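As structure tokens, the structure follows; a few thoughts come after it.
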Amino acid sequence: MTDSKINSMLMKLPDETGKGDVMAATSVLQQKANEIRNNSINWQSYLQSQMIGDDDYRFITEFLSSDGSKRDTLLEEQRGQCAKTFLSLLEHISKDQTVQYILTIMDDMLQEDMNRVEIIREYAKKKRENVWSPFLNLLNRPDGFIQNMTSRIIAKLACWSRDPMEGSDLTFYLTWLKDQLQTPGNEYVQTTARCLQMMLRDEKYRLVFARMGGVSVLANILSGRINFQIQYQLSFCLWVMTFSTQLVEQMNKHKIIPILGDILNDSVKDKVTRIILAVFRNMIEKPEDAAMVKENCVAMVQAKVLKQLSILQQHKFDDEDIMADIEFLTEKLQASIQDLSSFDEYSTEVKSGRLEWSPVHKSERFWRENAPRLIEKNYELLKMLVHLLETSRDTLVLAVASYDIGEFVRHYPRGKSIIEQLGGKQMVMQLLAHEDSNVRYEALLAVQKLMVHNWEYLGKQLKKDPASESSSTGVKTKG
């Protein structure tokens, strides 16, 4: 499938922001919108106070009294007046309750017919005005409903109009969405996620979002405690991003596979399962780099995706896409296991940040054969190990990383100086005071390996008392 066909397909996906959508109808924004639609606005008082003109008064009253074909005719015959009235009302009226009402009926108008976004665009173009300014300014209002209903309108204009959102306007809006996703206790987070779902279907927008650190934000949120609806929506965002091949590599950097693997293992909702499987399939199908495909397959195996697939195969799904994805992924992951080397396994485990006592760590043969490979790609794996020592709070990760540092030093001639240059020695030394006894023990062994030069002597000492923890951090050496 060509890029143009992919983008066309994505843009035709349901945006799930309509009033008919069950989840949208239960969102905080839609619940409040239903209440606001029942409000009665005294437009006569605004006319008498000269806050709106005669033509705006006539249009808004006629618009609100019409529906169906009558409204279609009105909007077709008075396109310019429609745009002028809505923009004028938003500019001259400041009362929150009225602004909420204006935005709600404006959003309804666009939802009824997506082509109506051109009414706003054409008017702004004719007046040589920035179509985005009136709406972006409203994002700064303190009222949450006004902000988020405005955001819905912006998303519709950006996705449905012939002229895309660009430059600083696009950056401002995507930054606003990103910030809203990260705002603690945001009651409108579901609406924010829906707007992002719409925007990221367009490749131009998802590339900008990625450059702004969007993948990292999605990864951080998905790794936390969130409800299944937000899990689905943000996984949907990642799914559409996987259609841009260059973004798949970014996902690897932010450990998307193990994060989604955890969600998949705990998921009880078919929609969440379906979208995560679709993400995984794209991460195997879309990359042109065979090495990246292999790395993704290994990462999925280590995230226990293959085990979960075998469980899912026992379920009966009505959705044929789920079954097809399960079959595809099972075949690809099983094939990857056949070609998996011990170093591939180790490398993927380190990159995932989820170290455990898998067989490779304690294999003398592994370290003898592969220690030199840890300096490849400008010490990539060693830097990751040192970073884990510095940042991880997981005692198992700290213990295994300390052990690996020691084994690298023991099996690589210049290992000691390299680890010191990377700051690894200092990190290991700090772990000597760690509250966990296993971490202290592995850190102590690593420090000894960093200092001792006669490995045969050290081996004999460790065999004498392998499980005890020295009461002193002093190191025995044989000169």
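No gaps in the numbering here: position 244 of the sequence shown is 244 in full-length UniProt numbering, and each next residue is one more.
Glycine included, C-beta positions come from ideal geometry on N, C-alpha and C.
All figures in this text were calculated on a predicted structure; none of them were measured in a lab.
Buried or exposed for residue i, please, with buried defined as at least 16 other CB atoms from any protein chain shown within 10 angstroms of its CB.
| i | result |
| --- | --- |
| Gln50 | exposed |
| Gly406 | buried |
| His411 | buried |
| Ser352 | buried |
| Thr391 | exposed |
| Lys416 | buried |
| Val189 | buried |
| residue 487 | One cannot answer for residue 487 here, as it falls past the ends of the chain, which runs 1 to 479. |
| Gly261 | buried |
| Gln430 | exposed |
| Ala433 | exposed |
| Asp339 | exposed |
| Asn282 | buried |
| Val268 | exposed |
| Gln97 | exposed |
| Leu234 | buried |
| Gln421 | exposed |
| Ile311 | exposed |
| Tyr457 | Its pLDDT being 48, under 50, Tyr457 is placed unreliably by the model, and the measurement read from it follows with that caveat. With fewer than 16 Cβ atoms within 10 Å of its Cβ, Tyr457 is classed as exposed. |
| Glu295 | buried |
| Met427 | buried |
| Arg393 | exposed |
| Gln31 | exposed |
| Met165 | buried |
| Arg37 | exposed |
| Arg368 | exposed |
| Val354 | The residue you asked about is not Val; residue 354 is Arg in the sequence shown. Classification of Arg354: buried, given that the 10 Å Cβ count is 16 or more. |
Tell whether a beta-carbon distance below 9 Å holds between residue i and residue j.
| i | j | result |
| --- | --- | --- |
| Leu157 | Ile105 | no |
| Val400 | Glu356 | yes |
| Trp176 | Ser151 | yes |
| Gln100 | Phe145 | yes |
| Thr85 | Asp107 | no |
| Asp270 | Ile322 | yes |
| Glu442 | Leu398 | yes |
| Thr242 | Met251 | yes |
| Leu75 | Pro134 | no |
| Val117 | Ser88 | no |
| Lys253 | Gly213 | no |
| Ile154 | Cys195 | yes |
| Leu170 | Val131 | no |
| Asp325 | Leu247 | no |
| Asp446 | Tyr403 | The sequence as given places Ala at residue 446; Asp does not occur at that position. Yes, they are a contact pair. |
| Val350 | Thr395 | no |
| Asn265 | Gln308 | yes |
| Leu139 | Tyr173 | yes |
Pop quiz: residue i and residue j are said to be a contact at Cβ under 8 Å. What is the actual Cβ separation, rounded to whole angstroms?
| i | j | result |
| --- | --- | --- |
| Phe280 | Val305 | 7 Å |
| Leu29 | Asn148 | 5 Å |
| Glu380 | Val360 | That pair is no contact at about 17 Å. |
| Lys272 | Phe343 | A small correction: the amino acid at residue 272 is Val; Lys does not occupy that position in the sequence shown. Not really, about 34 Å apart at Cβ, beyond 8 Å. |
| Met109 | Cys159 | At roughly 16 Å, the Cβ-Cβ gap does not stay under 8 Å, so Met109 and Cys159 are not in contact. |
| Ala303 | Pro258 | 5 Å |
| Gly424 | Leu389 | 7 Å |
| Pro301 | Ile337 | Just to set this straight, residue 301 is Val in the shown sequence, not Pro. Confirmed, about 6 Å. |
| Ile275 | Phe236 | 5 Å |
| Leu450 | Ile418 | Leu450 to Ile418, Cβ: 11 Å. No contact. |
| Ser40 | Thr191 | Not a contact, Cβ separation roughly 25 Å. |
| Arg79 | Glu122 | 7 Å |
| Thr348 | Ala291 | Rounded, the Cβ-Cβ distance is 12 Å, inconsistent with contact. |
Say yes only if the C-beta of residue i is nearer than 8 Å to one or more non-hydrogen atoms of the ligand FMN, and no if none qualify.
| i | result |
| --- | --- |
| Leu218 | This structure lacks the ligand FMN, and indeed carries no ligand of any kind. |
Quiz item: Is the stretch 58-68 touching the stretch 211-224 in the sense that three or more CB pairs, one from each, lie closer than 8 Å?
Solution: no
Practice problem: Answer yes if the stretch 113-129 comes into contact with the stretch 35-53, meaning at least three C-beta pairs across the two stretches below 8 Å, and no otherwise. | Solution: no
Quiz item: Using 8 Å as the threshold, is the stretch 377-389 in touch with the stretch 322-340, meaning 3 or more CB pairs across them?
Solution: no
Quiz prompt | the stretch 35-44 contacting the stretch 194-204, beta-carbon criterion three pairs below 8 Å | solution = no
Self-check item: Segment contact, 8 Å Cβ cut-off, at least three pairs: the stretch 283-291 with the stretch 305-322
Solution: no
Exercise. Jot down the residue ranges of each uninterrupted alpha helix (DSSP H) in the stretch 134-204, minimum 4 residues, whole runs only, in chain order.
Key: 144-160, 167-181 and 189-199
Quiz prompt | Secondary structure, alpha helix (DSSP H): runs of 4+ residues fully inside the UniProt domain "ATPase V1 complex subunit H C-terminal" (340-455) | solution = Entirely contained in the UniProt domain "ATPase V1 complex subunit H C-terminal" (340-455), the alpha helix (DSSP H) runs reaching 4 residues are, in chain order, 342-352, 364-370, 376-391, 395-411, 415-421, 424-430 and 437-451.
Quiz item: What are the uninterrupted segments assigned as alpha helix (DSSP H) that are 4 or more residues long and contained completely in the stretch 62-98, given in chain order?
Solution: The qualifying runs are 68-77 and 79-92.
Quiz item: Residue ranges of each alpha helix (DSSP H) run of no fewer than 4 residues wholly in the stretch 301-327, ordered along the chain?
Solution: 305-312
Quiz prompt | Contiguous alpha helix (DSSP H) assignments of at least 4 residues, all confined to the stretch 221-258 | solution = 228-241 and 245-253
Exercise. Ignoring anything shorter than 4 residues or poking outside the stretch 256-293, list the alpha helix (DSSP H) runs there in chain order.
Key: 256-266 and 270-285
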